[in-house]
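Just so you know, the sequences run in chain order E and U.
Letter 39 of the first sequence, counting from 1, is numbered 39 in UniProt numbering, and no numbers are missing.
Letter 140 of the second sequence, counting from 1, is numbered 140 in UniProt numbering, and no numbers are missing.
Glycine included, C-beta positions come from ideal geometry on N, C-alpha and C.
To keep things clear, I will list the structure first and then write my remarks on it.
Protein chains: 2
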Amino acid sequence: MTERAPGSTAPKAQLIASEVRRRIIEREWRQGQRIPDEADLAVQFGAARATVNKALQLLADEGLLERRRRAGTRVAIDPVRKATFTIPIVREQVESAGMDYGHRVIAQRRSPIPAEIAQRIGLPEGQVLLHLRAVHYGDGKPFQFDDRWINPAAVPGMNEVDFRHVNANEWLVRNAPYTRTEIAISARNASDRDARLLDIPPREAILLLQRTTWNDSGPITTLRAAFPNSHVMNSKD
Amino acid sequence: MTERAPGSTAPKAQLIASEVRRRIIEREWRQGQRIPDEADLAVQFGAARATVNKALQLLADEGLLERRRRAGTRVAIDPVRKATFTIPIVREQVESAGMDYGHRVIAQRRSPIPAEIAQRIGLPEGQVLLHLRAVHYGDGKPFQFDDRWINPAAVPGMNEVDFRHVNANEWLVRNAPYTRTEIAISARNASDRDARLLDIPPREAILLLQRTTWNDSGPITTLRAAFPNSHVMNSKD
DNA sequence: AAGTGGTCTAGACCACATA
DNA sequence: ATGTGGTCTAGACCACTTA
């Protein structure tokens, strides 16, 4: 839904995509039904096939169409529904909410990874990684409690960083581009440690986010972040 | 990370994207630094400019590059990190976990919407919508409790559906394509009603998902889904 | 065997931001 | 004013899949 200057025109591929979307939403083309092939549509819309192709690929990415060579393009039976979340820099998130950001490292040590972590990141149990625990604050109130394992072998230069003085969240986001990420979100009753560090009553509901990132050299970091139940994750787009 | 048949080759645009990604990850091209323009890269990679353009757009969508006309292409300073979640059809989700699916409608009635819902979906308070409450079961155990408001005006044919006999989740996913969705995820301590319907102790942590979908005619439906704390939402990709 | 989407190319023109 | 990305085109060949 990007706005456009009055004199300007939307790209033709976008217009075609909108029109096809409209035909699907208004049931001119029904679930599972085959739609005309790219060459036909190109003629209908007065566009090159490449342009139609771009529009239809867009809709296929959205999950509205299913395309197969030789079999043609069909309206998806189960439109795949997707929601995208942005992985924030915590400081920016706190500050954009109008709060003062604070950050405290609770512990930093090299430790052999326990079995659970080993399995999550695909490294052998007992391998020594950097284990970091920290709390982020907004206006002095705990905002997020991080329990993080970092694999220095995955990112050049990471060994020289002292995460007691450099914010691990920011450093990693800025310096360790990843190629793959896995995220799991769940709710839990706060453990005693969670409750103490987040300054909430024991057993209070917390939102738990577990995120692991990889690049081609292997796992970069795995994070367990705990949020008080006032926290809301919102989809982007 | 799609697998390919041995004899087959990756598309050239993909290869170029991979190579550029590698240069960024290995710091040949640093954060904020300008990279060669499309014409240069086309020569370097022995490809047409359109192919390079496709590759760079891909990386810009991933958040790794920032592109501006006239100013050129730069490695992003804050690589935007995204995670995508798929919104499942509950029955398929339950069955793919190897459980038997069950579904019970608790209440269906037309009611004026309260202020909170009105604000969330952008309709005037007091407008009459269909209010539906239902529980989904896996192997007889409560899996998800839905509290849903449906706007029949947004989707043709919806007035003829009796959601006591037709699964609202499935009907809407299949029949009401949307153009926009908002999702909010949080943790809460279960209310008495949540606890009763999910068969868990009162005050136990639950995962709360609030989702509203729109098409061009207006809001289609807004849903508050509650999950027991055993539930985990996983990112797709 | 043949139809359909997937991709690439060379060239062109345009839109936009900045020097 | 000019350089850069954004987009489109016509044509081509290829890869896959199914009829």
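For Ala225(E), the enclosing beta strand (DSSP E) begins and ends at 218 to 228. Scanning the segment 39 to 82 of chain U for uninterrupted alpha helix (DSSP H) segments of 4 residues or longer gives 49 to 62, listed from N- to C-terminal end. Per the DSSP secondary-structure output, Arg104(U) pairs in a beta bridge with Val135(U). Interface with chain U (8 Å Cβ-Cβ cutoff): Phe85(E) is included. Met233(E) has Ile185(U) as its beta-bridge partners, per DSSP. Here Lys141(E) is bridged, per DSSP, to Gly138(E). Distance from the CA of Ile24(U) to the CA of Arg23(E), rounded to the nearest whole angstrom, comes to 42 Å. Counting the other Cβ atoms within 10 Å of the Cβ of Thr73(E) gives 16 or more, which makes it buried. In the structure shown, the three-state DSSP call for Gln210(U) is strand.
Using beta-carbon distances, Arg21(U) counts as an interface residue toward chain E, with a partner under 8 Å.
Residue nearest to Ala168(U) within the set Asp100(U), Ile117(U), Arg91(U), Gly218(U) is Arg91(U) (criterion: CA-CA distance). Under the 8 Å criterion on CB atoms, Gln31(U) is classed as interfacial with respect to chain E. In the DSSP assignment, Ala168(U) falls within the unbroken alpha helix (DSSP H) covering 168 to 175.
The criterion of a C-beta distance shorter than 8 Å is satisfied by Gly126(U) and Ile113(U). Annotation for Tyr137(E): Gly102, Phe143 place their beta carbon closer than 6 Å to its own, counting only its chain and skipping 5 residues before and after. Interface annotation, Val135(U): not in contact with chain E, CB-CB separation never under 8 Å. Look at His231(E): its C-beta is under 8 Å from a C-beta on chain U. The residues Asn169, Glu170, Val173, in chain order, have a CB closer than 7 Å to that of Ile89(U) in the same chain once the five nearest residues on each side in sequence are set aside. By the neighbour-count criterion, in which 16 or more other beta carbons inside 10 Å mark a residue as buried, Asn229(E) falls on the buried side. Ala205(E) is bridged by DSSP to Asn189(E).
CA-to-CA, the gap between Ile150(U) and His131(U) works out to about 6 Å. The criterion of a C-beta distance shorter than 8 Å is not satisfied by Val155(E) and Phe145(E).
Under the three-state reduction of DSSP output, Arg148(U) falls in the strand class. Counting along the chain, the unbroken alpha helix (DSSP H) around Leu15(U) starts and ends at 12 to 25.
The shortest CA-to-CA distance from Lys82(E) to any of Ala48(U), Arg104(U), Thr181(U) is the one to Thr181(U). Partner residues in a beta bridge of Thr179(U), as assigned by DSSP, do not exist.
Interface with chain U (8 Å Cβ-Cβ cutoff): Ser111(E) is excluded. Bounds of the alpha helix (DSSP H) holding Ala118(E) are 115 to 121. Assigned with DSSP and collapsed to three states, Val90(E) falls in helix.
Those residues of the segment 42 to 71 of chain E placed with their C-beta closer than 8 Å to a C-beta in chain U are Leu64, ordered along the chain. Scanning chain U for C-beta atoms nearer than 9 Å to the C-beta of Ser96(E) yields nothing, as the closest lies near 13 Å away. At a cut-off of 8 Å between C-beta atoms, Leu123(E) does not count as an interface residue with respect to chain U. Exclusion of the five residues before and after Ala176(U) leaves Ala154, Val155, Met158, Thr213, Asn215, Ile220, Thr221 as the residues of its chain whose Cβ lies within less than 8 Å of its Cβ. Cβ proximity to chain U below 9 Å picks out Glu182, Ile183, Ala184, Ile185, Ser186, Ala187, Arg188, Asn189, Ala190, Arg203, Glu204, Ala205, Ile206, Leu207, Leu208, Gln210, Arg211, Thr213, Asn215, Asp216 from the segment 182 to 216 of chain E. In this structure, the beta-carbon distance from Asp194(E) to Ile206(E) falls below 8 Å. By the criterion of a C-beta distance shorter than 6 Å, Ser111(E) is surrounded in its chain by His131, once the five residues flanking it on both sides are discounted.
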